[in-house]
Every structure is written in C-alpha cells, then in structure tokens.
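Counting from 1, position 86 in the sequence shown corresponds to residue 86 in this note's numbering; the numbering is continuous, with no gaps.
Even glycine gets a Cβ: it sits at the ideal position worked out from N, Cα and C.
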Amino acid sequence: MTAIDSPKHKKAKALKSTSRRPAKDLCSECGLCDTYYIHYVKEACAFINQQIAELEAETHGRSRNLENQDDWYFGVHQDMMAARKKQPIPGAQWTGIVSTIAIEMLNRGMVEGVVCVQNTKEDRFQPMPIIARTPEEILAAKVNKPTLSPNLSVLEQIEQSGMKRLLVIGVGCQIQALRAVEKQLGLEKLYVLGTPCVDNVTRAGLQKFLDTTSKSPETVVYYEFMQDFRVHFKHEDGSIETVPFFGLNTKELKDVFAPSCMTCFDYVNSLADLVVGYMGAPFGWQWIVVRNDTGQEMLDLVKDLIETQPVNSSGDRRNAVQQSIPAYDKGVTLPMWAAKLMGVVIEKIGPKGLEYARFSIDSHFTRNYLYVKRNYPEKLAAHVPEYAQRIVNQYKLPQS
Ligand code: FAD
1 MTAIDSPKHK KAKALKSTSR RPAKDLCSEC GLCDTYYIHY VKEACAFINQ QIAELEAETH
61 GRSRNLENQD DWYFGVHQDM MAARKKQPIP GAQWTGIVST IAIEMLNRGM VEGVVCVQNT
121 KEDRFQPMPI IARTPEEILA AKVNKPTLSP NLSVLEQIEQ SGMKRLLVIG VGCQIQALRA
181 VEKQLGLEKL YVLGTPCVDN VTRAGLQKFL DTTSKSPETV VYYEFMQDFR VHFKHEDGSI
241 ETVPFFGLNT KELKDVFAPS CMTCFDYVNS LADLVVGYMG APFGWQWIVV RNDTGQEMLD
301 LVKDLIETQP VNSSGDRRNA VQQSIPAYDK GVTLPMWAAK LMGVVIEKIG PKGLEYARFS
361 IDSHFTRNYL YVKRNYPEKL AAHVPEYAQR IVNQYKLPQS
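What follows is the structure, encoded as structure tokens:
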C-alpha cells in the first residue's frame, strides 16, 4: 500500500510518550505516533513498511531508474550542484541554505508555516519541533539537533490551525511517514525540504558519542562528519577540534547509533522535493539535489543569495569500502598517530565530491545490510530497497 488517500481520514488515539511504539526497537521517534495519524502507522512507518519506490512514483512522477547508477545513489533528481550562501548565517550547520529557503518561502507568502526543530531552553541538543510562523522562529531552529527528533508530532496542529500551505523540513524517516499521510493533512500545497541523514542517536547515545570522542564534550555546540575524513567539533569559544574517522573508538561506539538508523537505506532523503546536505560537494560547500519541479521552485527563491558550481567526482572509493567492512565488524581502532596519518593520506588521494558521497553511502549500506541480516533476517527481503541491494551487491560481505 502506498500513500493513504481516502477522502476523510481516520483518527486513532495518540500514544503516550512512555508507550512502546509499533516499530518497537526500530522506532526512529519521527513523531507520527504522537498524533492521531498513528491510525496509519502500519502503512506509513518507514521501518514497518518500506515503500520508497512507490512513494517516489507518487511524489516525483517516477521511481529510481535502476539502469542508472546515479539514481541508485542519489535518488530521483533533475539537477545537482554544489552551493554556498554568499553571506552564511552565523551558527547554521553549514552556510544556512535550509534556513534561508524556509525564510524566503514564508516571507513571500508561499507557505503559512514551516515545520522545523528548535532545541529546548535547558539543552541545546534536545529537539523541540515547532510550526514556525515567523522568520525569527525559523532562525531559532538553525543547526542540527543530532538526535532522533519527533518532527511529525506537530501534525495534528496543522489540521487544527486550518493552514493550507506548508513547508516541512526533515530527515528521511520523517519524510517517508509524512508522504504516506500527505493526502490526509488537508493541505493545498506541501513543500518538503530534506537533509540527508545517517547514524542518528538518542539523546543518551549522543552523550556517549561526545564523551567518548571529544576532549571537551560539555562545550560542543555543533559537530559534523566532514568530507576530509574527520569529525569536526565546534566548541562554545569558536575553536574547532578535529578527530580522524579512523581514530574513532568503534568498539565503544558500536551500539551508540539508534537501531532505526542501523536499518535505514534512505540516507539521501528520497522523497523530499529538494535536498540540502554537504557530502557530494567540495569541503566548505553544500550539496544540493533537486528532485522535482517543486524543488526547483524552492531553490530559485535563493538563487541571488548563493553561489554555485557543478558537482564533480574523483578517486575510487571501492577498495576503502571493501576494507572497512571487516574492520568495522571486528571493531578495529587505530592508534591516534596512525589514524591521523591515514587521515592525511586519504584526504590527499581518497574519494572526493560525488565519489565521497558514494563512499559514505556504500559504507553505511553494507554495514546496515549486515545489521538487518543478522538481527532482523525476516525483514531483509522487504526492507532493503532494490537500489540498496544493488549497491550492496558490489561488495563481498561476510557470510554470517
Ligand atoms: P541550517 O540552516 O542550519 O538548518 C538546519 C535545519 O535542520 C533546521 O531547519 C532544523 O529544523 C533541521 N533539523 C535539525 N536537526 C534535525 C533533526 N534531528 N531532524 C530533522 N530536522 C532537523 N548531510 C550530508 O550530506 N551527509 C550526512 O551524513 C548528513 N548527516 C546528517 C545527520 C543529521 C542527524 C542531520 C540532522 C543532518 C545531516 N546532514 C547530512 C545534513 C547537514 O548536516 C545539514 O543539515 C544540511 O547541509 C543543512 O545545512 P544548513 O546550514 O543549510 O542548515
């Protein structure tokens, strides 16, 4: 079953925050079950009913062309580029393209509200989804909350507010569930601005990651796994701490990522109209994927505020990915001096641009495939989309 399209939608009682979720351990806390749209969870949940190809066809007019490897990796798209704001927004995750598009859409009256996620007063990393109705509220949602975030928990408020034109900003699992119930929201127009997403964590998991990896966990305001194969932590005083990927304490961190993220094959947010990330772009630039005409319409709003360049690709990821598979399995951690050296070498000769994005997608999909096969073998066939299966088939995986 694809998107739900009965004219009058049905309601069910939202779950209490403490109740076990229908997806059980695989719940990504997208927020759907905090609303009466939980009625549709069995069809809509990305971890109960993977239906990316069907929803792509409904949203973009076609699903991925499986003869085209770019489609396997980056999803349905009509354009791709590297971009950055001419004047970056201070404190945004990258240059603030996401916040800027949302503000333009609101200022020009294209939408009446924007679903985005601020943080609570007490904790800069604790997500607090809202429907923003002013540019200030959108700006206050800038920067990643690198934790599972119940963005869809505000869906009931949309229907109650009578809003007809809405922008939703979100990550893949949130957007899959949103697309499945889109027709029930009573909207005239829904715009979806997505970011890629991988390796998300609960708030407790985030603390473990920060404590294990950063020298000063309590002052981290932002972090990102960058294209130079290092994690960059930005601290309150503006200083940047970098830690090479190869020096991460893989053994300690193995169980830190949420089980939902360990079974996710929608890294690139297949169902958004427009995707803004970084991993297919040169260092310091953002990566933009325009999936359909709606996405192009959104991007056009900021064309005078950004500079762009074509995407490029160099290097060959395949050996590095193949070697990383048993290394991850065994929880190999290099001594820091070796990790730093390896970081320098791989930055010089390693994959860049779109090839870096493929490196990251391949590494995560092979890891996740093994995770599903070992922990949820009964789900494997239906849960792994065909494009992901083809990506995984390029590598030799351990038999068990
Ligand atoms: P900003 O203008 O700073 O706006 C950020 C927006 O993100 C805000 O509108 C906010 O509502 C929304 N947001 C913040 N946290 C969450 C959340 N937890 N769930 C849903 N929405 C949220 N890009 C890649 O290319 N590769 C990756 O591996 C990758 N991993 C990511 C992992 C996570 C958990 C997240 C949230 C994003 C990830 N991204 C990744 C996207 C990237 O980090 C930037 O978010 C993106 O480039 C936009 O930057 P910006 O400066 O334009 O955003």
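Quiz item: Relative to the C-alpha of Leu32, which residue among Arg230, Asp211, Arg358, Leu185 is closest?
Solution: Taking the first residue of the sequence shown as 1, we reach residue 32 at position 32. Per the Cα distances, Leu185.
Same chain only: Cβ atoms within 7 Å of Glu403, ignoring 5 sequence neighbours per side: Any answer about residue 403 is impossible in this case: the structure gives the chain only from 1 up to 400.
Please state whether the Cβ-Cβ distance between Gly109 and Arg133 is less than 7 Å.
Stepping through the sequence shown from its first residue, residue 109 is reached at position 109. Stepping through the sequence shown from its first residue, residue 133 is reached at position 133. Contact: no.
Cut-off 6 Å between Cβ atoms - residues of its own chain near Met1, not counting five sequence neighbours on either side: Taking the first residue of the sequence shown as position 1, residue 1 is located at position 1. At Met1, the pLDDT of 48 sits below 50, so the modelled position is not reliable and the matter cannot be decided from this model.
Inter-residue Cα distance where the pair is His60 and Thr219:
One-based indexing of the sequence shown puts residue 60 at position 60. One-based indexing of the sequence shown puts residue 219 at position 219. Rounded to the nearest angstrom, the two C-alpha atoms are 42 Å apart.
**Request:** Out of Cys173, Arg230, Leu299, state which residue places its alpha-carbon closest to the alpha-carbon of Gln51.
**Result:** The count along the sequence shown starts at 1 and reaches residue 51 at position 51. Among Cys173, Arg230, Leu299, the Cα nearest to that of Gln51 is on Cys173.
Exercise. Consult DSSP for Met342 and reduce its assignment to one of helix, strand or coil.
Key: Within the sequence shown, residue 342 is the residue found at index 342, counting from 1. Helix, per DSSP.
Kindly indicate which residue of Leu66, Gln78, Val276, Tyr36 has the alpha-carbon position closest to the one of Gln157.
On the sequence shown, residue 157 is found 157 positions in, with the first residue counted as 1. Selected option, being the one with the closest Cα: Tyr36.
_Selection from Cys116, Gly238, Ser153, Arg230 that minimises the alpha carbon distance to Leu193_ = What you label residue 193 is simply residue 193 of the sequence shown in a count that begins at 1. Of Cys116, Gly238, Ser153, Arg230, the residue nearest in Cα terms is Cys116.
Using 8 Å as the cut-off, can you tell me whether the segment 221-233 makes contact with the segment 277-287, which would need three or more C-beta pairs spanning the two stretches below that distance?
yes
Check: Can you tell me the Cα-Cα spacing of Pro150 and Ala140, whole angstroms?
Finding: For the purposes of this step, residue 150 is identified with residue 150 of the sequence shown, where counting begins at 1. For the purposes of this step, residue 140 is identified with residue 140 of the sequence shown, where counting begins at 1. Spanning the two alpha carbons is a distance of roughly 17 Å.
Looking at the ligand FAD, does it come within less than 6 Å of Ile325, judged from the CB to the closest heavy atom? To locate residue 325, count along the sequence shown from 1; it is residue 325. Ile325: no, Cβ never under 6 Å from the ligand FAD.
Check your understanding: Can you list, in chain order, the residues of its chain whose CB lies under 6 Å from that of Gln118, leaving out five sequence neighbours each side?
Key -> Along the sequence shown, one-based indexing puts residue 118 at 118. Result list for Gln118: Met128, Ile130, Ala140, Ala141, in chain order.
Return helix, strand or coil for Met279, following the three-state DSSP convention. The residue given as residue 279 occupies position 279 in the sequence shown. The answer is coil: DSSP assigns Met279 none of H, G, I, E or B.
Roughly how many angstroms lie between the CA atoms of Met148 and Arg203, to the nearest whole one?
-> Here residue 148 corresponds to residue number 148 of the sequence shown, with the count starting at 1. Here residue 203 corresponds to residue number 203 of the sequence shown, with the count starting at 1. Rather than Met, the amino acid found at residue 148 in this sequence is Leu. Answer to the nearest angstrom: the Cα atoms are 8 Å apart.
For this session: Note down, one range per segment and in chain order, each beta strand (DSSP E) of at least 3 residues found wholly within the segment 286-317.
Result: 286-290, 306-309
inquiry  = Could you compute how far the alpha carbon of Pro407 sits from the alpha carbon of Ser63?
reply    = Since the displayed the chain opens at 1 and closes at 400, residue 407 lies outside it and no answer follows.
Rank Ser363, Gly96, Val268, Asn249 by C-alpha distance to the C-alpha of Gln176 and give the top, closest one. As a first step, residue 176 must be located in the sequence shown, where it is residue number 176. Comparing Cα-Cα distances from Gln176 to each of Ser363, Gly96, Val268, Asn249, the minimum goes to Val268.
* **Assigned exposure category for Tyr387 - 16 Cβ within 10 Å defines buried** => The residue given as residue 387 occupies position 387 in the sequence shown. Flag for Tyr387 reads buried.
Enclosing beta strand (DSSP E) for Tyr267 [first to last residue]:
Position 267 of the sequence shown, counted from the start, is the residue given in the question as residue 267. Where Tyr267 is concerned, there is no enclosing beta strand (DSSP E), given that its DSSP letter is neither H nor E.
Check your understanding: According to DSSP, what are the bridge partners of Asn119?
Key -> Your numbering for residue 119 matches position 119 in the sequence shown. Beta-bridge pairing links Asn119 to Pro127.
**Prompt:** For Glu29, which of helix, strand or coil comes out of DSSP?
**Reply:** Within the sequence shown, the letter at position 29 stands for residue 29. Residue state, collapsed to three classes: coil.
- Item | Beta-carbon proximity check, Leu354 vs Ser324, cutoff 7 Å | Within the sequence shown, the letter at position 354 stands for residue 354. Within the sequence shown, the letter at position 324 stands for residue 324. It is not a contact, given that the beta carbons lie outside the stated cut-off.
TODO: Below 8 Å on the Cβ atoms is my guess for Leu274 versus Lys85; work out the distance and round it to an integer in Å.
DONE: Along the sequence shown, one-based indexing puts residue 274 at 274. Along the sequence shown, one-based indexing puts residue 85 at 85. About 15 Å separates the two Cβ atoms, so there is no contact after all.
Open item on the list: Need the endpoints of the alpha helix (DSSP H) that Phe359 sits in, please.
Closed with: Walking along the sequence shown from the start, residue 359 turns up at place 359. Phe359 -> alpha helix (DSSP H) spans 354-375.
Residues in the same chain with beta-carbon distance under 7 Å from Arg230, minus the five sequence neighbours each way, listed in chain order, please.
Indexing the sequence shown from 1 puts residue 230 at position 230. Around Arg230: Thr242, Val243, Pro244, Phe245, Gly343.
Open item on the list: Using C-beta distances below 7 Å, list every residue in its chain close to Ile169, excluding the 5 sequence neighbours before and after it, in chain order.
Closed with: Taking the first residue of the sequence shown as position 1, residue 169 is located at position 169. Cβ neighbours of Ile169 beyond the five flanking positions: Val98, Ala102, Val114, Val115, Cys116, Leu193.
*Buried or exposed: Asn319, going by 16 or more other Cβ atoms within 10 Å of its Cβ?*
Against the sequence shown, residue 319 aligns to sequence position 319. Per the 10 Å Cβ criterion, exposed.
So for Val403, helix, strand or coil by DSSP?
A query on residue 403 cannot be resolved here, the shown segment of the chain reaching from 1 to 400 and no further.
*Return helix, strand or coil for Lys85, following the three-state DSSP convention.*
Start at 1 with the first residue of the sequence shown, and residue 85 comes out as number 85. Residue state, collapsed to three classes: strand.
Q. When burial is assigned at 16 or more other CB atoms within 10 Å of the CB, is Asn68 buried or exposed?
A. The sequence position of residue 68 within the sequence shown is 68, counting from 1. So Asn68 ends up on the exposed side.
Review point. Of the choices Ile288, Leu301, Glu297, Asp362, whose alpha-carbon is the least far from that of Ala82?
Key: In the sequence shown, counting from the first residue as 1, residue 82 sits at position 82. It is Ile288 whose Cα lies nearest to the Cα of Ala82.
In this structure, does DSSP put Pro196 in helix, strand or coil? The sequence position of residue 196 within the sequence shown is 196, counting from 1. Three-state DSSP puts Pro196 in coil, outside helix and strand.
Per DSSP, which residues does Ile169 bridge with? Please list them. Here residue 169 corresponds to residue number 169 of the sequence shown, with the count starting at 1. The partner list for Ile169 (beta bridge, DSSP) reads Leu193.
So what does DSSP say about Leu206, is it helix, strand or coil?
As a position in the sequence shown, residue 206 is number 206, starting the count at 1. Looking at Leu206 - three-state DSSP - the assignment turns out to be helix.
### Task
Specify the secondary structure class of Phe47 as computed by DSSP and reduced to three states.
On the sequence shown, residue 47 is found 47 positions in, with the first residue counted as 1. DSSP places Phe47 in coil when its eight states are reduced to three.
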